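Novice: If you scroll down you'll find the structure; I have some questions about it.
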Amino acid sequence: MTFDQIVLFSLFAAVFALLLWGRYRYDLVAFSALMIAVVVGVVPVDQAFSGFGHPATLVVALVLVVSAGLVRSGAVFLITRTLVDSSRALGAHIALMGGIGAVLSAFMNNVAALALLMPVDIQTARKAGRAPGLSLMPLSFATILGGMATLIGTPPNIIIAAIRQETLGEPFAMFDFAPVGGIAALAGLVFVALIGWRLIPTRENAAGASEAQLAQYIAELTVPEGSSLIDRRLGSLDEEADKADVAILGLIRNGKRLYGRAAGQILRAGDALVLEATPEALDEFRSATSLDFADAARQEKLTAAGEGLELIEVVVPETARIKGRTAQSLGLAWRQNTVLMGLARQGRRLTSHIRQQEIEAGDILLLLCPRDRGADVTEWLGCLPLAERGLSVTANDKTWLAIALFAGAVLAASLGLIYLPIALGLVVVAYVLTKILPLAELYDHIEWPVVVLLGSMIPLGAALDSAGGTALIADSLLALTEGLPAWVILTVLMVVTMTLSDVLNNTATAIVAAPVGIQMANGLGVSPDPFLMAVAVAASAAFLTPIGHKNNTLVLGPGGYHFGDYWRIGLPLEVLIIAVSIPSILLFWPL
1 MTFDQIVLFS LFAAVFALLL WGRYRYDLVA FSALMIAVVV GVVPVDQAFS GFGHPATLVV
61 ALVLVVSAGL VRSGAVFLIT RTLVDSSRAL GAHIALMGGI GAVLSAFMNN VAALALLMPV
121 DIQTARKAGR APGLSLMPLS FATILGGMAT LIGTPPNIII AAIRQETLGE PFAMFDFAPV
181 GGIAALAGLV FVALIGWRLI PTRENAAGAS EAQLAQYIAE LTVPEGSSLI DRRLGSLDEE
241 ADKADVAILG LIRNGKRLYG RAAGQILRAG DALVLEATPE ALDEFRSATS LDFADAARQE
301 KLTAAGEGLE LIEVVVPETA RIKGRTAQSL GLAWRQNTVL MGLARQGRRL TSHIRQQEIE
361 AGDILLLLCP RDRGADVTEW LGCLPLAERG LSVTANDKTW LAIALFAGAV LAASLGLIYL
421 PIALGLVVVA YVLTKILPLA ELYDHIEWPV VVLLGSMIPL GAALDSAGGT ALIADSLLAL
481 TEGLPAWVIL TVLMVVTMTL SDVLNNTATA IVAAPVGIQM ANGLGVSPDP FLMAVAVAAS
541 AAFLTPIGHK NNTLVLGPGG YHFGDYWRIG LPLEVLIIAV SIPSILLFWP L
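Residue 546 in the UniProt record's numbering is what sits at position 546 of the sequence shown, and the numbering runs on without skipping anything.
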């Protein structure tokens, strides 16, 4: 081996060891390795930061922002509230949620797709009286599987397309991954829904503790002029309320609470529905029914002013300015442009208008205020902020606009009319200009550690390839499989890549394994495309451990899982993925 190869292999070994150790975050490890490589001279100075402007890095960042816009527009609520039903059998629920998760993951970041669906799955499990751990791991696996089907579904596909462009002059198109990745995803989803969930150990899990932290607020939403709800009975909204996990407690008309639950009352414009719900459920129900906030006029002024809105949660201490007063008497709306959305008071039901309710010490307030004014409003009230939960206000009037913009960009990129990063960039600009996504939170949705990881690993991977390191690995694997059929060689590549992805970041795995696949193809004198497809599927198929993919890590706590629970369903799933992928690759991407 040359000096450059020794240094680079040593750096990669150190990076992999530190990632396995987990003491230091992966972005710091990768960036440190890049800096050392530059100082030693194995990465040219003018190439040190080339990874940060690489198309793969930009696409990953843009996909995260676009995903946030789809959430804020209510596009995901539109899907889940239509299809999810807690009365379904567990297998049917897993099949449906897995299908939704897989489709979403194909067109948005799979971590974002899981983050959207996980609260829905937990709420459904709670209403069905079963442990969330029985369905959360299948949902995680489904969102990972769905990402295999398109170019933007998962970072490894983006990276492999970019490497193909650099090596062969042309990237993979949006749906080139669909024949192989789609078949693997479908087979995986069928296994998870029919067999996989039965392999998950049943035990008391920690989900109850996390759910208990979500305060149930008493809140009000009003019926606006021209609403489709006018002339309907209040009780007719029960089904929609159940889907959103909202309890309808009663009705306020002309400032007075009507007797009982008032389920038989005919709704009129200006009526206020009294509800009990978490902030997320309240926003979902408001989005589904197109109801207005409790102070619709104030909210309309805020929106028209273009300030943007955010939801904050605060606790009322003994010394708070608002203690012993009502939001209305304090002038919360006109002094601070803030609407009291909900009030959580442990163990007691409220009977009057939320704005006219006298606030007590220990109450938790849900406030709708101008974006970036939360800290000032909290200080003015003399309250204490709860831990940040990333609450947002759904712009449900822009749902179809958000979907149309994104679908148009995907279609244009798929037909080759526009370069994918440019198409996604235009969607981001459109989302900001149409106020689907507030400018103030634009960069909050980019996962910067992943950007740093990509930006650091891409120059290191390029340096290893230039120094002949990937050719050395490929020659070793070819020597190991000499004389064996092509399908055996592809299987060995998939097993090696999949094993690495189970213990390392799948992005780092793809950066190393894709050039190896190309070198192996060159050594055999065949097309590199089947080898790249094998790497793409294997790099994403990380099902054996909670550290192989972020989605597996996300469900670890809420599902109450142990480290060793993953392989029970993950091992047969990985074997299945290899078994269906190899014939598919040889059929659709012949050697």
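We treat Cβ as the ideally placed atom computed from N, Cα and C, and that holds for glycine.
None of these values were measured; they are calculated from a predicted model.
1. Considering only residues of the same chain and omitting the five flanking positions on each side of T326, which have a CB-CB separation below 8 Å?
2. On the three-state DSSP scale, how would you describe F588?
3. Taking the Cβ atom as the reference point for each residue, do P183 and V575 lie within a distance shorter than 8 Å?
4. Enumerate in chain order the residues of its own chain whose CB-to-CB distance from residue 594 is below 7 Å, with the five nearest sequence positions on each side excluded.
5. Quick test of the definition: if touching needs 3 or more C-beta pairs under 8 Å, does the region 188-198 touch the region 86-103?
6. Measuring CA to CA, which of I252, L237, I266 and A219 is closest to D231?
7. Going by the beta-carbon positions, is the gap between A513 and V535 smaller than 8 Å?
8. What is the DSSP secondary structure of M1, reduced to helix, strand or coil?
9. If contacts are defined as beta-carbon pairs under 8 Å, then T470 and V526 qualify, I think. What distance do you get, rounded to the angstrom?
10. Run the CB neighbour count on M35, radius 10 Å, all protein chains shown included, and call it buried at 16 or more, exposed below.
11. Could you give the C-beta distance for G146 and A75, rounded to a whole number, given that I count them as a contact under 8 Å?
12. Indicate the three-state DSSP secondary structure (helix, strand or coil) for F480 in the structure shown.
13. Can you tell me where the alpha helix (DSSP H) holding L221 begins and where it ends?
14. Look at A33 and L19 and say whether their C-beta atoms are less than 8 Å apart.
15. Check the DSSP bridge columns for R257 and list the partner residues they point to.
16. Pick out whichever of Q5, M533 and P449 has its Cα sitting closest to the Cα of Y26.
17. In or out: I578 buried (at least 16 other Cβ within 10 Å) or exposed?
18. Which residues share a DSSP beta bridge with D292?
19. For V339, which residues does DSSP report across the bridge?
20. Our contact map puts V537 next to G181 with C-beta atoms below 8 Å; I'd like the distance itself, whole angstroms only.
21. Could you please give the first and the last residue of the uninterrupted alpha helix (DSSP H) stretch that includes I158?
22. On the DSSP letters alone, give me the boundaries of the beta strand (DSSP E) that A272 sits inside.
23. Among L139, A95 and R257, whose alpha-carbon lies nearest the alpha-carbon of V111?
24. My understanding is that G129 touches G560, with C-beta atoms under 8 Å, so please give their C-beta distance in whole angstroms.
25. Going by CA-CA distance only, name the one from S414, E280 and L500 that's closest to F107.
26. With DSSP as the reference, please indicate the residues paired to V315 in a beta bridge.
27. Less than 8 Å between the C-beta atoms of T338 and C383, yes or no?
28. Need the endpoints of the alpha helix (DSSP H) that F191 sits in, please.
29. Can you tell me whether L587 is buried or exposed, with buried defined as 16 or more other CB within 10 angstroms of its CB?
30. Do L117 and I144 have their beta-carbon atoms positioned less than 8 Å apart in this structure?
31. Rank L453, A467, A486 and G255 by C-alpha distance to the C-alpha of T509 and give the top, closest one.
32. Could you give the distance in angstroms between the alpha-carbon of G416 and the alpha-carbon of P279?
33. What first and last residue would you give for the alpha helix (DSSP H) that runs through residue 592?
34. List in chain order: all unbroken alpha helix (DSSP H) runs of 4+ residues lying wholly within the region 550-585.
35. Taking only three categories from DSSP, how would you classify I122?
Specialist: With the structure as the only source:
1. The residue given as residue 326 occupies position 326 in the sequence shown. Taken in chain order, the residues that qualify are R355, Q356, Q357, E358 and I359.
2. Reading the sequence shown from its first residue, position 588 is the one you call residue 588. F588 falls in the helix class under three-state DSSP.
3. Position 183 of the sequence shown, counting from 1, holds the residue named residue 183. Position 575 of the sequence shown, counting from 1, holds the residue named residue 575. Looking at the sequence itself, residue 183 is Ile, so the reference to Pro does not match. Cβ atoms of I183 and V575: not closer than 8 Å.
4. Because the chain in this structure spans residues 1 to 591, residue 594 falls outside the shown range and cannot be described.
5. yes
6. The count along the sequence shown starts at 1 and reaches residue 231 at position 231. Here the closest residue by C-alpha is I266.
7. Here residue 513 is taken as the residue at index 513 of the sequence shown, counted from 1. Here residue 535 is taken as the residue at index 535 of the sequence shown, counted from 1. Contact flag set, yes.
8. On the sequence shown, residue 1 is found 1 positions in, with the first residue counted as 1. In this structure, M1 counts as coil in the three-state DSSP scheme.
9. Here the question's residue 470 lines up with position 470 in the sequence shown. Here the question's residue 526 lines up with position 526 in the sequence shown. Their Cβ separation, rounded to whole angstroms, is 17 Å, which puts T470 and V526 out of contact at 8 Å.
10. Residue numbering aside, residue 35 sits at position 35 when the sequence shown is read from its first letter. That one is exposed.
11. Taking the first residue of the sequence shown as 1, we reach residue 146 at position 146. Taking the first residue of the sequence shown as 1, we reach residue 75 at position 75. Not really, about 16 Å apart at Cβ, beyond 8 Å.
12. In the sequence shown, counting from the first residue as 1, residue 480 sits at position 480. According to the sequence shown, residue 480 is Leu rather than Phe. Correct three-state label for L480: helix.
13. Numbered from its first residue, the sequence shown carries residue 221 at position 221. Element bounds for L221: not the alpha helix (DSSP H) but the beta strand (DSSP E), Y217 to T222.
14. On the sequence shown, residue 33 is found 33 positions in, with the first residue counted as 1. On the sequence shown, residue 19 is found 19 positions in, with the first residue counted as 1. No; because the gap between Cβ atoms is not below 8 Å, this pair is not in contact.
15. In the sequence shown, the residue the question calls residue 257 occupies position 257. Answer is I252.
16. As a first step, residue 26 is located in the sequence shown; it is residue number 26 there, counting from the start. For Y26, the nearest C-alpha among the options comes from P449.
17. As a working note, residue 578 is residue 578 in the sequence shown. By the 10 Å Cβ count, I578 comes out buried.
18. What you label residue 292 is simply residue 292 of the sequence shown in a count that begins at 1. D292 pairs with T222.
19. Reading the sequence shown from its first residue, position 339 is the one you call residue 339. For V339, which the question treats as bridged, DSSP gives the partners L368.
20. Reading the sequence shown from its first residue, position 537 is the one you call residue 537. Reading the sequence shown from its first residue, position 181 is the one you call residue 181. Going by Cβ atoms, the distance from V537 to G181 rounds to 6 Å, so yes, they are a contact pair.
21. Here residue 158 corresponds to residue number 158 of the sequence shown, with the count starting at 1. It spans P155 to L168 - the alpha helix (DSSP H) in which I158 sits, taken as one unbroken run.
22. Sequence index remark: in the sequence shown, residue 272 carries index 272 (1-based). First-last of the beta strand (DSSP E) with A272: A272 to A277.
23. Against the sequence shown, residue 111 aligns to sequence position 111. It is L139 whose Cα lies nearest to the Cα of V111.
24. In the sequence shown, counting from the first residue as 1, residue 129 sits at position 129. In the sequence shown, counting from the first residue as 1, residue 560 sits at position 560. With 8 Å as the limit, G129 and G560 do not qualify as a contact, their Cβ atoms being about 16 Å apart.
25. Walking along the sequence shown from the start, residue 107 turns up at place 107. Ranking S414, E280 and L500 by Cα distance to F107 puts S414 first.
26. Here residue 315 refers to the residue found at position 315 of the sequence shown. Note: V315 sits in a beta bridge opposite I364 and L384.
27. Walking along the sequence shown from the start, residue 338 turns up at place 338. Walking along the sequence shown from the start, residue 383 turns up at place 383. Their beta carbons are not under 8 Å apart, which means T338 does not touch C383 by this criterion.
28. Walking along the sequence shown from the start, residue 191 turns up at place 191. Where F191 is concerned, the enclosing alpha helix (DSSP H) stretches over I183 to L194.
29. Reading the sequence shown from its first residue, position 587 is the one you call residue 587. Burial call: exposed.
30. Taking the sequence shown and counting its residues from 1, the one referred to as residue 144 is at position 144. Taking the sequence shown and counting its residues from 1, the one referred to as residue 117 is at position 117. No, Cβ-Cβ distance for I144 and L117 is not below 8 Å.
31. Position 509 of the sequence shown, counted from the start, is the residue given in the question as residue 509. For T509, the nearest C-alpha among the options comes from L453.
32. Reading the sequence shown from its first residue, position 416 is the one you call residue 416. Reading the sequence shown from its first residue, position 279 is the one you call residue 279. So the alpha carbons of these two residues sit roughly 42 Å apart.
33. Residue 592 lies beyond the range of the chain shown here (1 to 591); nothing can be said about it.
34. 550-556
35. Here residue 122 corresponds to residue number 122 of the sequence shown, with the count starting at 1. I122: helix per DSSP, three-state reduction.
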